[in-house]
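Same order as they appear, the protein sequences are chains A and B.
Residue 7 in the numbering used here sits at position 7 of the first sequence; the count goes up by one each step and never skips.
Residue 1087 in the numbering used here sits at position 87 of the second sequence; the count goes up by one each step and never skips.
Ideal Cβ placement from N, Cα and C applies to all residues, glycine included.
So the structure is just underneath, and the comments pick up after that.
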Amino acid sequence: REQPQNHDEL
Amino acid sequence: MNIFRFAGDMTHLASVLVLLLKIHTIKSCAGVSLKTQELYAIVFATRYLDIFTDFISLYNTFMKLVFLGSSFSIVWYMRSHKIVRRSYDKDQDTFRHYFLIVPCLLLAMIINEKFTFREVLWTFSLFLEAVAILPQLVLLQRTRNIDNLTGQYIFLLGAYRAFYIFNWIYRYFTEPHYVHWIPWIAGLLQTLLYGDFFYYYFHSWKNNKKLQLPA
Chain A
1 REQPQNHDEL
Chain B
1001 MNIFRFAGDM
1011 THLASVLVLL
1021 LKIHTIKSCA
1031 GVSLKTQELY
1041 AIVFATRYLD
1051 IFTDFISLYN
1061 TFMKLVFLGS
1071 SFSIVWYMRS
1081 HKIVRRSYDK
1091 DQDTFRHYFL
1101 IVPCLLLAMI
1111 INEKFTFREV
1121 LWTFSLFLEA
1131 VAILPQLVLL
1141 QRTRNIDNLT
1151 GQYIFLLGAY
1161 RAFYIFNWIY
1171 RYFTEPHYVH
1181 WIPWIAGLLQ
1191 TLLYGDFFYY
1201 YFHSWKNNKK
1211 LQLPA
């Protein structure tokens, strides 16, 4: 599934 | 990645390094809340469940490993290191974990973007991070005397949160469909918790006096 964009933050 | 996000990550990294420096070189954890450190270890463990399954960038994976490793080693130092653990203010650090963990878990099960195991735990980690500093702030209130390194540690953590808010504002205006209410509200709440501390920190800095919180 597509990652929600905020999951690219720490 | 924008400059605010990077500055946020770097101040976050610096805060952890300052704390490790204090513990490793001075062999003392006086004034540091083990409860807060254990909560951070739980925060990172539940947030980075995707570390080996979803690759975002080398930077992300590296930083995740650093935060996991540093938070667990701080907990290990405070609980098990034969010299460091003696300086721990056990009698003052009495905040109960589950007062924070249980409500955050329940809230994450109700409010989330998707009801899956990983997504609920990820949301839980955001809520828990927002309040994880509370045992530390309570400990500071009680001991009142704050050494420079502990003060800098909390200041850097607060700066990290502030930079993340600027990062979200920047991303909101530069990326299409970038709306994430859950981390924004949790992050805003977390930053507000530092407000009081910031006030006294700058006050002592301006007057060139030792940082002391009011009773």
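- The segment 1085-1099 of chain B and the segment 1130-1138 of chain B touch, with three or more beta-carbon pairs separated by less than 8 Å.
- Contact between B:GLN1190 and B:GLU1129 holds: their C-beta atoms lie close to 6 Å from each other, under 8 Å.
- In the three-state scheme derived from DSSP, where H, G and I count as helix and E and B as strand, B:GLN1092 is classed as coil.
- As the crow flies, the alpha-carbon of B:ASN1207 is around 21 Å from that of B:GLY1158.
- Under the DSSP definition of a beta bridge, B:GLN1212 partners with B:ASN1145.
- When C-beta distances to chain A are compared with 9 Å, the residues of the segment 1066-1085 of chain B below that value are PHE1067, in chain order.
- About 17 Å separates the Cβ atoms of B:PHE1198 and B:ALA1007, ruling out a contact at the 8 Å cut-off.
- Interface residue (Cβ-Cβ distance to chain A less than 9 Å): B:PRO1183 is classified as such.
- In this structure, B:ARG1085 and B:ARG1079 form a Cβ contact; the two beta carbons are roughly 6 Å apart against a cut-off of 8 Å.
- Between B:ALA1030 and B:TYR1088, the alpha-carbon positions lie close to 5 Å from each other.
- Closest in alpha carbon position to B:THR1123, among B:LEU1156, B:GLN1152, B:PRO1183 and B:VAL1075, is B:PRO1183.
- DSSP, reduced to helix, strand and coil, places A:GLU9 outside both helices and strands of the structure shown, so it counts as coil.
- When DSSP states are grouped into helix, strand and coil, B:TYR1178 belongs to the coil group.
- Just measuring C-alpha positions, the residue of B:THR1150, B:LEU1020 and B:LEU1121 sitting nearest B:ILE1133 is B:THR1150.
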